[in-house]
Structure formats: C-alpha cells, structure tokens
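A.B. asks: Structure provided below as structure tokens; questions to follow.
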Ligand SMILES: [Zn+2]
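Here is the structure:
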C-alpha cells in the first residue's frame, strides 16, 4: 500500500526519469520489455514533464506517419513504411503500384 501520487523515492524517480528519456522512442514503438514499460508508465504518472514529452513525441511520430496506433506496430512496420516512402518519389500520385 504505497501511495503513488508523489515521488517517495527520489533516486528511483531520477533513474526512471532517465530511463524514460533514454528509451522514449522504444517505448512508443512498443519495443520495451514489460518491466521497463511498467517503470516508464508509472513514471509518467508522477512526472508531468515526461508525460508531456512522451505525448508530444507520440504526436510527432504519428504525424509523420511512421507508426500505426499505439500497440499495434513495431519498428519493422515503421521501417517498411519508411522504405516505401523512399521508393515512392511522388506521394499521392497514382502510379499503379
Ligand atoms: Zn520524468
């Protein structure tokens, strides 16, 4: 029964803060193991800065079209989309591919 609303363990908070920043893109790409993922999720509940950071990173990635909705895609899909984007010089043009 430990309250989670405040960072009771500053060292752990700082460590998770660094983890969140260091692995934010893996987190968004759903590439992290359950343990790191849980730590980041717990941390973002305590750290408004990281919550904002992740939200804006997620928005950016989505806006760039590198990712499908959260949880349904990994980097393989992202890489595939990137590869296709590089192959297609004119997006939106019906080239019959
Ligand atoms: Zn943080």
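In our numbering, the protein residues as written are 2 to 98.
For every residue, glycine included, the Cβ atom is placed at its ideal position computed from N, Cα and C.
For residue 33 versus residue 45, is the C-beta spacing smaller than 8 Å?
C.D. replies: For the purposes of this step, residue 33 is taken as residue 32 along the chain shown, with counting starting at 1. For the purposes of this step, residue 45 is taken as residue 44 along the chain shown, with counting starting at 1. Not closer than 8 Å, so no.
A.B. asks: By DSSP, does residue 42 sit in helix, in strand, or in coil?
C.D. replies: The residue labelled residue 42 in the question sits at position 41 within the chain shown. Helix.
A.B. asks: So what's residue 32 in DSSP terms, helix, strand or just coil?
C.D. replies: Working through the chain shown from its first residue, we reach residue 32 at position 31. Coil.
A.B. asks: Roughly how far, in whole angstroms, is the beta-carbon of residue 41 from the beta-carbon of residue 63, given that I think they are within contact range, below 8 Å?
C.D. replies: Against the chain shown, residue 41 aligns to sequence position 40. Against the chain shown, residue 63 aligns to sequence position 62. Wrong, their Cβ atoms sit about 18 Å apart, outside the cutoff.
A.B. asks: The alpha helix (DSSP H) with residue 48 in it runs from where to where?
C.D. replies: Within the chain shown, the letter at position 47 stands for residue 48. Premise fails: residue 48 is in no alpha helix (DSSP H) and is neither H nor E.
A.B. asks: I think residue 65 touches residue 29, with their Cβ atoms under 8 Å apart; what is that distance to the nearest whole Å?
C.D. replies: Residue 65 sits at position 64 when you count from the first residue of the chain shown. Residue 29 sits at position 28 when you count from the first residue of the chain shown. With a Cβ gap of about 12 Å, residue 65 and residue 29 do not count as contacting.
A.B. asks: Going by beta carbon distance, what residues of the same chain come within less than 6 Å of residue 99, once the five residues before and after it are set aside?
C.D. replies: Nothing can be reported for residue 99, as the shown portion of the chain is limited to 2 through 98.
A.B. asks: So, residue 10 versus residue 51, is the Cβ gap smaller than 8 Å?
C.D. replies: Indexing the chain shown from 1 puts residue 10 at position 9. Indexing the chain shown from 1 puts residue 51 at position 50. In this structure, residue 51 does not lie closer than 8 Å to residue 10 by Cβ.
A.B. asks: Can you give me the C-alpha to C-alpha distance between residue 15 and residue 60, rounded to a whole angstrom?
C.D. replies: In the chain shown, counting from the first residue as 1, residue 15 sits at position 14. In the chain shown, counting from the first residue as 1, residue 60 sits at position 59. Rounded to the nearest angstrom, the two C-alpha atoms are 25 Å apart.
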